[in-house]
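Below: the structure, in structure tokens.
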Amino acid sequence: MLRAGKGTVTKKATIKLYEEEINALYEKVEGSTMVGVGVPLPTNWTVEETESWLMVHVVAVNAGKAVHPDTDLFAQGFDSLSATFLKNRIIGSLLSSSDCQ
């Protein structure tokens, strides 16, 4: 980060310096809503089918590692960014459904 003579961060100059990287991160998060659209929705929204459908998304976000459905995701290695990606995948998948229209 760029700093002024007195040691404080120069916000505008620092943002300008990292503008490309910041924009790329925002685009990556926004693009994550389209990633899960290839996962078909459950035909019946039973607990078992819904849990299985969610697990496909969880494993994809979690570097291929399955999680235990009854344990907190954050206790199993998720952080706020991976939770955001999971949320976006689920929303994107639901919005891509013809049932949503």
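Numbering (numbering that gives the first Met the number 0), first residue to last: 0 to 100. Note that the Cβ used here is the ideal one computed from N, Cα and C, for glycine as well. Quick caveat: nothing in here was measured; it's all calculated off a predicted structure.
Whether GLY76 touches ASN61 by CB criterion (8 Å):
Position 77 of the sequence shown, counted from the start, is the residue given in the question as residue 76. Position 62 of the sequence shown, counted from the start, is the residue given in the question as residue 61. Going by C-beta atoms, GLY76 is nearer than 8 Å to ASN61.
Using the rule of at least 16 other Cβ atoms within 10 Å of the residue's Cβ for burial, across every protein chain shown, is GLY91 buried or exposed?
One-based indexing of the sequence shown puts residue 91 at position 92. By the neighbour-count criterion, in which a residue is buried when 16 or more other Cβ atoms sit within 10 angstroms of its Cβ, GLY91 is buried.
Three-state secondary structure (DSSP) of VAL8
Position 9 of the sequence shown, counted from the first residue, corresponds to residue 8. DSSP places VAL8 within a strand segment (E or B) once states are collapsed to three.
Touch check for the segment 23-31 and the segment 47-55: three-plus C-beta pairs under 8 Å?
Proximity of the segment 23-31 to the segment 47-55 falls short of the contact definition, fewer than three beta-carbon pairs being nearer than 8 Å.
Residue-chain proximity (GLU18, chain C), Cβ-Cβ < 8 Å:
Within the model displayed, chain C is absent; a lone protein chain is all it includes.
Do LEU93 and HIS56 count as a contact pair if the criterion is CB distance below 8 Å?
As a working note, residue 56 is residue 57 in the sequence shown. As a working note, residue 93 is residue 94 in the sequence shown. Contact: no.
Here's a check: name, in chain order, each residue in its chain whose Cβ is nearer than 8 Å to the Cβ of VAL8, leaving out the five neighbours to either side.
Your numbering for residue 8 matches position 9 in the sequence shown. Closer than 8 Å at Cβ, skipping near neighbours: MET0, LEU1 and ARG2.
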